[in-house]
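Contents: one structure, followed by commentary.
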Amino acid sequence: MDVKKIVEAVLFSVDEPIKLSEISEKLNIGKKDVYKAIKSLKEDYDKNGNAMEITKIGQRYVMQLREDYLEIAYRFSKPELDKDVLKTLAVIAYYQPIKQSDLREMVGEKIYDHVNILKSKNLVTTRTSGKTLLISVTKNFGPYFGIDISDPKSIKEYLAKKLNLNLDGDTK
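If you read the sequence shown in our numbering, its first letter stands for residue 6, the second for the next number, and so on.
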């Protein structure tokens, strides 16, 4: 079998970004060969102008839709999180760590359900701070959205743009 096609199948099949070493170990293919396959696939997808792209997020790789095609694809796919929950997540990401009491003032009573949903998807974490909780996004946040979380400003800009939010203003 062709290593490049095998790696392409893996990248297409995984639910979240995957490390090169994980592909190598699970398929018993050398890391160098996996890297060459990923590099070649990336070049092919870029050269051909496909709607899909191979991108690196931290130390992981993922096959995803190019940003220009996301809006079109969203019309046909059912979002895993509804828009209100995404807005709550955007506020958390923007102001993190944020006190639950402050989040409640900004978003309303529904945040309790939203935070539980987000915790169940391992997108946020909470810790006690006095009589309230501090809420922050987890390391899974970036891969879930296909963004690099090492730059907090880019996270804020990405979420504000994608959700048409003015995060400096009122979110109610």
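Built from N, CA and C at the ideal position, the CB exists for glycine as well.
N- and C-terminal bounds of the beta strand (DSSP E) containing residue i
i, result
"S141", "T137 to V142"
"S134", "V129 to S134"
Continuous alpha helix (DSSP H) stretch holding residue i: start and end
i, result
"R109", "Q105 to V112"
"V8", "V8 to S18"
"T102", "Inspection of the sequence shows that residue 102 is occupied by Pro rather than by Thr. Premise fails: P102 is in no alpha helix (DSSP H) and is neither H nor E."
"N4", "There is simply no residue 4 to check, as the chain begins at 6 and stops at 177 in what is shown."
"G147", "F146 to F150"
Exposure of residue i, with buried meaning 16 or more beta-carbon neighbours within 10 Å
i, result
"Q64", "exposed"
"M68", "buried"
"P157", "exposed"
"T133", "exposed"
"A98", "buried"
"G135", "exposed"
"I59", "buried"
"F17", "exposed"
"D20", "exposed"
"G174", "Any reading at G174 needs caution, since the residue's pLDDT is 48, under 50, leaving its predicted position unreliable; the model's value is listed next. Exposed, by the Cβ-count rule."
"F81", "exposed"
"Y117", "exposed"
"E13", "buried"
"K177", "The predicted model places K177 with a pLDDT of 41, which falls under 50 and marks its position as unreliable, so this point remains unresolved."
Presumed contact (8 Å Cβ cut-off) between residue i and residue j, rounded CB distance
i, j, result
"S26", "K10", "The pair is not a contact, with the Cβ atoms about 20 Å apart (cut-off 8 Å)."
"A56", "Y74", "4 Å"
"P22", "P148", "5 Å"
"T93", "V112", "5 Å"
"Q105", "I140", "6 Å"
"V90", "I122", "6 Å"
"L164", "A95", "4 Å"
One or two residues paired with residue i in a DSSP bridge
i, result
"K24", "R65"
Report task. Taking only runs that begin and end inside the stretch 51-87, name each unbroken beta strand (DSSP E) of 3 or more residues, in chain order. Result -> 57-62 and 65-70
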